[in-house]
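Residue numbers (this note's numbering): 30 to 114.
The C-beta atom is built at its ideal place from N, Cα and C for all residues, glycine as well.
Here the structure is a predicted model, which is why all the values come from computation and not from measurement.
Worksheet for the structure shown next.
Given below as structure tokens:
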């Protein structure tokens, strides 16, 4: 994640991720010091999320997991199975 992102931008990055789950995960990441939440006092209120230094330090780890998943995880395993026939 490069630079600050608004909640709706993060939602758009991951198909099928509910607002509730994203909100819970962001709260957990903020508690752990991985994500910083910035609230701008304007109307309407604007909230942005950005990685902290600790969060950016995870990049090599997430890159390695991504590389591993490309080789070993079948993309069809996570395909939408809710389509009606």
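The DSSP assignment places no complete alpha helix (DSSP H) segment of no fewer than 4 residues inside the stretch 53 to 84. A distance below 8 Å between beta-carbons, with the five flanking residues on each side excluded, links residue 67 to the following residues of its chain, in chain order: 33, 76, 77, 78, 79. A direct Cα-Cα distance of roughly 26 Å separates residue 74 from residue 83. In the DSSP assignment, residue 87 falls outside any alpha helix (DSSP H), carrying neither H nor E.
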